[in-house]
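*Asks:* In numbering that gives the first Met the number 0, the protein residues as written are 0 to 408.
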Amino acid sequence: MSLPIVIVGAGQAGLQAAEALRAEGWQGDLILLGDAPCAPYHRPPLSKAYLLGESTVEQLTMRGPEALERKAITLRKSSRVMRIDPAEKTLHFSHGSSLPYHRLVLATGARARQLSGADLHGVFQLRTLEDCTRIGEAMATAQNIAVIGGGFIGLEFAAVARKKGKSVTVIEAANRLMARAVSAEVSEIYARLHTERGVVLRLGSGVAGFTSTNGRVSGVTLSDGHNVSADLVLMGVGILPNQELAEAAGISCASGVIIDSGGRTSDPFIFACGDCTATRLENGDFRRLESVQNAIEQAKSCAASIMNKDRPFTAAPWFWSDQYDVKLQMVGTSQGHDHTVIRGDTNAYKCSIFYFAGERLIGIDSLNRPQDHMGGRRLLDQGVSLTPQQAADESFALNRLFQPEAAAT
Ligand code: FAD
């Protein structure tokens, strides 16, 4: 009997890898192992529509049992893998059983980084559906909310909390919002957006600790000694890749399981995709992308590699974030730009910022301008640039530059 392909981690990347393996022609057994008690679900709505009460658990669920059965994917819930034995090509579980594999895919994702003091009642992180349920319950009675970290998750949560009428303070160590991911121009626009909607921003503020009463948080002490009073604190201070299984198995890791563009790790029988991975850049640094697109594309590349095909993930990275009624869509990068062009109206939160390195377009951040984002994705994927003059000209449609065959689709 042939051995199964086993996928550890039943999230966005794991499920996609399973489905892509079927699409690539794998006909043997396919086992998807997840430590959560539920079917794979979408995480992005946890800090957006779902937290706001505008969507249901059913809408979060990616595939029901019938859909998995149709593709002959065996989902084993509440199954935590404790160890990989790469020499024996076998997985070991907490309850003592084991499972041999033909090929293994690691899609173990990431976990929220914690600050010390996180064990107080009223201090939360937001990574899982369980986290979101607990936060939702606590929000019902909370009045003063402190958000530590002005990144995407912290700010999306802040927007939801304001919509629910809470007093919100965002504490951010850097001197601008979302500094790791967006340009100074975008940070400034979002500082204005949140301030206008009533959020108090404490930029350039470190956290020294928490104050509490009877084990329940009552505030956050900043490094300058100031206390932000809070009966609910959300920590949005980044994530850590779940790479321990790989490390213990001797697989090369560097703030993520190191993979090539085909999802191959340093073990020829083990592949990896999604938030748990890191890829090497041309300058030798490692890059870890934390996005739905990355999870999906890397999973497809893994599946192709396992089936001895080549499907490197080379598309321009894209991401989105919903805050209030503003949808930010990003494609490419703003890092390394020397020139920006703004199209549209920043005051009305309906604009696109085009980033150029010399004459070459390297990225576009769009606020409530989906057509610029979609056009930009095609241009960047096709390696086509527009000129700064064309970018500045509202009447110049990006699709005029699409390659002929792509424009027809
Ligand atoms: P995960 O979804 O984390 O799945 C990994 C799974 O593996 C988890 O269920 C984990 O429990 C399981 N696992 C780990 N170790 C083991 C083990 N030893 N045994 C068994 N199972 C194991 N991205 C965007 O592009 N846009 C957004 O707007 C956006 N918003 C987000 C909002 C929130 C609140 C969060 C948390 C994330 C958001 N993301 C967003 C990021 C996106 O959800 C992730 O990049 C994506 O889920 C990564 O998928 P993954 O499968 O790699 O990891």
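By construction, the Cβ of each residue, glycine as well, lies at the ideal position given by its N, Cα and C atoms.
None of the values given here were measured: they were computed from a predicted structure.
1. Let me make sure I understand the geometry here. Which of 185, 270 and 21 has the alpha-carbon closest to that of residue 346?
2. Which runs of the alpha helix (DSSP H) fall wholly inside the stretch 182–243 and span at least 4 residues, in chain order?
3. Which residue wins for smallest C-alpha separation from residue 162, given the options 195, 255 and 188?
4. Can you tell me whether residue 324 is helix, strand or coil according to DSSP?
5. Sort out for me which residues DSSP pairs residue 363 with in a bridge.
6. Residue 364: buried (16+ other C-beta within 10 angstroms of its C-beta) or exposed?
7. Mind checking which residues open and close the beta strand (DSSP E) that includes residue 92?
8. Within a Cβ cutoff of 7 Å, which residues of the same chain sit near residue 356, ignoring the five residues on either side of it in sequence?
9. Within the present structure, is the beta-carbon of residue 291 separated from the nearest heavy atom of the ligand FAD by less than 7 Å?
10. With a threshold of 6 Å on Cβ separation, who are the neighbours of residue 212 within its own chain once the five nearest residues in sequence on each side are excluded?
11. Between residue 294 and residue 15, how many whole angstroms is the CB-CB distance? I'm expecting something under 8 Å.
12. Using DSSP with H/G/I as helix, E/B as strand and the rest coil, what is residue 41?
13. What does DSSP give as the partner residue(s) for residue 143 in the beta ladder?
14. Could you pull out every residue in the same chain whose Cβ sits closer than 6 Å to the Cβ of residue 389, ignoring the five residues on either side in sequence?
15. Decide yes or no for the touch test of the stretch 107–114 against the stretch 54–61: beta carbon pairs closer than 8 Å, at least 3 of them.
16. Looking at chain C, is there any beta carbon in it that lies within less than 8 Å of the beta carbon of residue 89?
17. Measure the C-alpha to C-alpha separation of residue 332 and residue 82 and round it to an integer number of angstroms.
18. Classify residue 97: buried if its beta carbon has 16 or more other beta carbons within 10 angstroms, exposed otherwise.
19. Considering only residues of the same chain and omitting the five flanking positions on each side of residue 402, which have a CB-CB separation below 8 Å?
20. Using the three-state DSSP reduction, which class does residue 257 fall into: helix, strand or coil?
21. Out of 253, 201, 203 and 111, which has the shortest C-alpha to C-alpha gap to residue 284?
22. Cutting at 6 Å between CB atoms, please list the residues of its own chain near residue 188, excluding the five before and the five after it.
23. Output the distance between the C-alpha atoms of residue 148 and residue 179, rounded to the nearest integer angstrom.
24. Judging by CA-CA distance, which residue of 181, 247 and 170 is the nearest neighbour of residue 228?
25. Grab the span of the beta strand (DSSP E) containing residue 97 for me, first residue to last.
26. Count the other CB atoms within 10 Å of the CB of residue 267; is the residue buried (16 or more) or exposed (fewer)?
27. In the structure shown, what three-state DSSP assignment does residue 480 receive?
28. From what residue to what residue does the alpha helix (DSSP H) around residue 27 run?
29. Measuring CB to CB, does residue 172 end up less than 8 Å from residue 205?
30. Hey, how far is the Cα of residue 257 from the Cα of residue 265?
31. Judging by CA-CA distance, which residue of 33, 6, 10 and 32 is the nearest neighbour of residue 20?
32. Enumerate in chain order the residues of its own chain whose CB-to-CB distance from residue 408 is below 8 Å, with the five nearest sequence positions on each side excluded.
33. Per DSSP, residue 341 is paired with what?
34. Identify which residue in 32, 166, 41 and 71 has its Cα closest to the Cα of residue 93.
35. If you draw a straight line from the alpha carbon of residue 255 to that of residue 275, how long is it in whole angstroms?
36. Could you say which of 154, 17 and 27 lies nearest to residue 2 if we only look at CA atoms?
*Replies:* Answer, in terms of the structure:
1. In the sequence shown, the residue the question calls residue 346 occupies position 347. The candidate whose alpha carbon is nearest that of residue 346 is 185.
2. If we require 4 residues or more, the alpha helix (DSSP H) runs fully inside the stretch 182–243 come out as 183–195.
3. Position 163 of the sequence shown, counting from 1, holds the residue named residue 162. Among 195, 255 and 188, the Cα nearest to that of residue 162 is on 195.
4. To locate residue 324, count along the sequence shown from 1; it is residue 325. If DSSP states are grouped into helix, strand and coil, residue 324 belongs with coil.
5. On the sequence shown, position 364 is the one that residue 363 refers to. Beta-bridge partners assigned by DSSP to residue 363: 330 and 353.
6. Translated into positions along the sequence shown, residue 364 becomes position 365. It counts as buried.
7. Locating residue 92 in the sequence shown gives position 93, counting from the first residue. Following the DSSP letters along the chain, one finds residue 92 inside the beta strand (DSSP E) bounded by residues 89–92.
8. Taking the sequence shown and counting its residues from 1, one reaches residue 356 at position 357. Excluding positions up to five away in sequence, the list reads 335, 336 and 337.
9. In the sequence shown, counting from the first residue as 1, residue 291 sits at position 292. Yes, since a heavy atom of the ligand FAD falls inside the 7 Å radius drawn around the Cβ of residue 291.
10. The sequence position of residue 212 within the sequence shown is 213, counting from 1. None.
11. Along the sequence shown, read from residue 1 onward, the residue named residue 294 stands at position 295. Along the sequence shown, read from residue 1 onward, the residue named residue 15 stands at position 16. Contact between residue 294 and residue 15 is confirmed by a C-beta separation of about 7 Å, below the 8 Å threshold.
12. For the purposes of this step, residue 41 is taken as residue 42 along the sequence shown, with counting starting at 1. Judged by DSSP in its simplified three-state form, residue 41 adopts coil rather than helix or strand.
13. Start at 1 with the first residue of the sequence shown, and residue 143 comes out as number 144. For residue 143, DSSP records a beta bridge to 166.
14. Here residue 389 refers to the residue found at position 390 of the sequence shown. Same-chain partners within the cutoff: 395.
15. Between the stretch 107–114 and the stretch 54–61 there are fewer than three C-beta pairs closer than 8 Å, too few to call the two in contact.
16. Absent from the structure is chain C; it holds one protein chain and no more.
17. Numbered from its first residue, the sequence shown carries residue 332 at position 333. Numbered from its first residue, the sequence shown carries residue 82 at position 83. A straight-line Cα-Cα distance of about 37 Å links residue 332 and residue 82.
18. Working through the sequence shown from its first residue, we reach residue 97 at position 98. Counting C-beta atoms within 10 angstroms of its own C-beta, residue 97 has fewer than 16 neighbours from the protein chains shown and is therefore classed as exposed.
19. Reading the sequence shown from its first residue, position 403 is the one you call residue 402. Contacts found: 381 and 383.
20. The residue labelled residue 257 in the question sits at position 258 within the sequence shown. Residue state for residue 257 is assigned as strand, using DSSP reduced to three classes.
21. One-based indexing of the sequence shown puts residue 284 at position 285. Here the closest residue by C-alpha is 253.
22. Within the sequence shown, numbered from 1, the residue matching residue 188 stands at position 189. 345, listed in sequence order.
23. For the purposes of this step, residue 148 is taken as the residue at position 149 of the sequence shown. For the purposes of this step, residue 179 is taken as the residue at position 180 of the sequence shown. Spanning the two alpha carbons is a distance of roughly 11 Å.
24. Here residue 228 is taken as the residue at index 229 of the sequence shown, counted from 1. Among 181, 247 and 170, the Cα nearest to that of residue 228 is on 170.
25. As a working note, residue 97 is residue 98 in the sequence shown. Note, residue 97: beta strand (DSSP E), 97–99.
26. As a working mapping, residue 267 is identified with position 268 in the sequence shown. Label assigned to residue 267: exposed.
27. Outside the displayed range of the chain (0 to 408) lies residue 480, so it cannot be described from this structure.
28. In the sequence shown, residue 27 corresponds to position 28, counting from 1. Unbroken run through residue 27: none, as it is neither H nor E.
29. Within the sequence shown, the letter at position 173 stands for residue 172. Within the sequence shown, the letter at position 206 stands for residue 205. Taking 8 Å as the Cβ cut-off, residue 172 and residue 205 qualify as a contacting pair.
30. On the sequence shown, residue 257 is found 258 positions in, with the first residue counted as 1. On the sequence shown, residue 265 is found 266 positions in, with the first residue counted as 1. Spanning the alpha carbons of residue 257 and residue 265 requires a straight line of approximately 8 Å.
31. Residue 20 sits at position 21 when you count from the first residue of the sequence shown. That would be 6, whose Cα lies nearest to the Cα of residue 20.
32. Residue mapping note: residue 408 aligns to position 409 of the sequence shown, counting from 1. With a pLDDT of 42 at residue 408, under the threshold of 50, the predicted position of this residue should be treated as unreliable, and no value is reported.
33. Counting from 1 along the sequence shown, the entry for residue 341 is found at position 342. Paired residue(s): 352.
34. The residue given as residue 93 occupies position 94 in the sequence shown. Checked all of 32, 166, 41 and 71; the closest Cα to residue 93 is 32.
35. In the sequence shown, residue 255 corresponds to position 256, counting from 1. In the sequence shown, residue 275 corresponds to position 276, counting from 1. Separation of residue 255 and residue 275 (C-alpha to C-alpha, rounded to the nearest whole angstrom) is 5 Å.
36. As a working note, residue 2 is residue 3 in the sequence shown. Ranking the options by Cα distance to residue 2, first place goes to 27.
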